Structures are given as structure tokens and as C-alpha cells.
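The numbering of the sequence shown is my numbering, which starts it at 22 and goes up by one. Where is the CB? At the ideal position from N, CA and C, for every residue including glycine. Predicted model only: the values in this text are computed from it and were never measured. I have placed the structure first, in the form of C-alpha cells, so that the comments after it can refer back to it.
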Amino acid sequence: MAYFQTKGVAFVTGSAGGIGQGAANALAAAGATAIAFADIDEARVKAAAEESKKHAIDSNYRVKAFRLDTSDRKAVEEVVQAVAEEFGRIDYLVHSAGVDQVEYAPVPDDDPDDFDRVQRINATGLLNVSRAVAKVMEAQEPRQFTTVSGTQRDLGRGVIVNVASAAAFVGIPAKVGYVASKWASLGITKTLAVDLAPKGIRVNCMCPTWVDTPMFKGEQEKIPPITDLIKKINPAGRPAEVDEVGNSIVYLCSPAASYVNGHALTLDAGMTAGPMIT
Numbered sequence: 022m023a024y025f026q027t028k029g030v031a032f033v034t035g036s037a038g039g040i041g042q043g044a045a046n047a048l049a050a051a052g053a054t055a056i057a058f059a060d061i062d063e064a065r066v067k068a069a070a071e072e073s074k075k076h077a078i079d080s081n082y083r084v085k086a087f088r089l090d091t092s093d094r095k096a097v098e099e100v101v102q103a104v105a106e107e108f109g110r111i112d113y114l115v116h117s118a119g120v121d122q123v124e125y126a127p128v129p130d131d132d133p134d135d136f137d138r139v140q141r142i143n144a145t146g147l148l149n150v151s152r153a154v155a156k157v158m159e160a161q162e163p164r165q166f167t168t169v170s171g172t173q174r175d176l177g178r179g180v181i182v183n184v185a186s187a188a189a190f191v192g193i194p195a196k197v198g199y200v201a202s203k204w205a206s207l208g209i210t211k212t213l214a215v216d217l218a219p220k221g222i223r224v225n226c227m228c229p230t231w232v233d234t235p236m237f238k239g240e241q242e243k244i245p246p247i248t249d250l251i252k253k254i255n256p257a258g259r260p261a262e263v264d265e266v267g268n269s270i271v272y273l274c275s276p277a278a279s280y281v282n283g284h285a286l287t288l289d290a291g292m293t294a295g296p297m298i299t
């Protein structure tokens, strides 16, 4: 196994499009032997699973698509069990399922019901999936990796990568629901990392700023000036592309990151490093 390969079985939520689909395609291109796709949109997730075959390098690559509402704990447990039965194990979980607020409004004019909805999907859903997959991972045999020096290294029983946001580090006006859910996602990830490390499971978090996805396009419609804002405050002058996030997720899953645990990998072109002075 090469350092940046991800041979094994992956389970990717929110994989009908956006970051989730990009992550699945990147994992397939890095050598995944099988990927289980899951999303609330059944038709699109089936199409995404088939599309991923174009990117796979393993000649025996397999896919399976599931409809899944991650906020439904029982449904999550059933799907995760089905994945384990279909492929025999789960080596990588990439949890990308998430939503934005319906409307942006400052407190106290925000919608409490929408706040609850966002937490239920973005935070509770993340924990539902991580908990169910962790049970599968801790029961499976650990894997080994041969280093460049020829020694054997224990890779543990699995890797979890949760997709949060750079919003997990700051406050954003009029987005209390989304921001709260991402702070929660980061906190859950770090707690999982220390809980699961003794069981041989690494848990990390991807925290990108804007990514060119359907969710971002929705944000552009709600906040038209955001495109010019990104050009002004982001050193790259643009949002990240889906494949850039996917490749970073591959790194966190791969043997190259075998000593990385409980980490929040910020993908922002240097935006949070300091203010741009022009």
C-alpha cells in the first residue's frame, strides 16, 4: 500500500453531490476497493455511485447506494449494518451530509425551528453515523502498512473524517444555526478522537471555507456580494474546488496521516492566517 492510497472499503454520506461526491471520487481514484454511498436524495446518490466507477483504479471496485436521513438514528444503524454485511468491513467513514439555514437572520430574528433542524442534521446526524460506524470498526481486524524503510506499521481499525467548516472557529453574522452546528461538529470530532484512539480508530475533521458546491451557490443567491468578498479576503481569490477538498480527505484517510488524530484541517488558501493587506 502506497502512502497516499486508500485501499479498503469507504462509507461516504452526503455523497449525491458536492464535497461528499468529490470525496468518494477521490477515494476511488486513490485505490478504494468499494464505496458505499449514502444520501437523502436516492436518485442522485445512485447516479453518483455509478459515476464514481469512472474514477476507480481498482479493477474489482464495487459500489452500493443507500437512501439515508442521518438524523434518523435507527435508519443510520440499519444502513451501516447493511454496508458492513455487503462489504465485510468499513475502513473509512467520510461524513459529509449537512445542510445550511433556510434563511439568514441575526438573533433574535432567526427561526428557532430551523435552528433545531440544522443541529439535528449537522450535529446529531454526524454523531449518529460516527457512533454506528465506530461499532463496526472496533470489531474488525486492524490493518498493517509497510513503510519506506520496510518496517510494518499498525494502521488501526479505521479512519473517520467529518466534514465541518471554517465556521467552526468563528462567529458569522446571521448564521447562528449553521455556525453552532459546525462548532458542535468540531467538538464531537475531537471527543471521538480521544474516545476511539485506544480502539485503533483515528478521527479528524475537514474545515474548508467556501467550496464551489450547490450549497455555496445557494449562499451566493442569499448574499450576492459574497463573490466579491471572497476575491477581497481570500488569498486565492476564489472558493475551493470540490476535488481540492476530496484530495485533502484522501490524505487524512491514508497511511500518510497515520499519526494525525483529533485534528481540524483548515482548507482556506491561507485566509485565516491573517488579514490581507493591499
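Item, Value
"Selection from G192, A294 and K220 that minimises the alpha carbon distance to N255", "A294"
"The segment 194-206 touching the segment 133-147, judged by at least three CB pairs closer than 8 Å", "yes"
"Residue range of the unbroken beta strand (DSSP E) whose run includes G109", "Run containing G109: none; DSSP gives neither H nor E here."
"T230 to I247 span [Cα, whole Å]", "12 Å"
"Candidates Q102, V150, L207 and P194, of which the one nearest P129 by Cα", "P194"
"CA-to-CA distance, D289 to Q173, given in whole angstroms", "35 Å"
"Segments of 4+ residues assigned as alpha helix (DSSP H) that fall wholly inside the segment 192-224", "197-217"
"Cβ of R65 within 8 Å of any chain D Cβ", "Chain labels in this structure do not include chain D; a single protein chain is all it has."
"Residue interval of the alpha helix (DSSP H) (run including V169)", "Careful: V169 lies outside any alpha helix (DSSP H) and carries neither H nor E."
"Terminal residues of the beta strand (DSSP E) in which G179 lies", "G179 to V184"
"Candidates Q102, D79, F25 and G29: closest to A59 by CA position", "Q102"
"Coil, strand or helix - P246 by DSSP", "coil"
"Simplified DSSP assignment, three categories, for K28", "coil"
"Span of the beta strand (DSSP E), counted from its first residue to its last, around F136", "Per DSSP, F136 belongs to no beta strand (DSSP E); it is in the alpha helix (DSSP H), P133 to Q140."
"Segment contact, 8 Å Cβ cut-off, at least three pairs: the segment 36-44 with the segment 57-72", "yes"
"Through-space distance from A31 to S320, alpha-carbon basis", "Residue 320 cannot be examined here, being either before or after the span of the chain that is shown, 22 to 299."
"Buried or exposed by the 16-neighbour rule on C-beta atoms within 10 Å, applied to Q122", "buried"
"Neighbourhood of A185 by C-beta, 8 Å cutoff - its chain only, sequence neighbours within 5 removed", "K203, S206, L207, T210, C226, M227, C228 and A285"
"Nearest to A214 (by Cα), restricted to the options P235, V180, V232 and V100", "V180"
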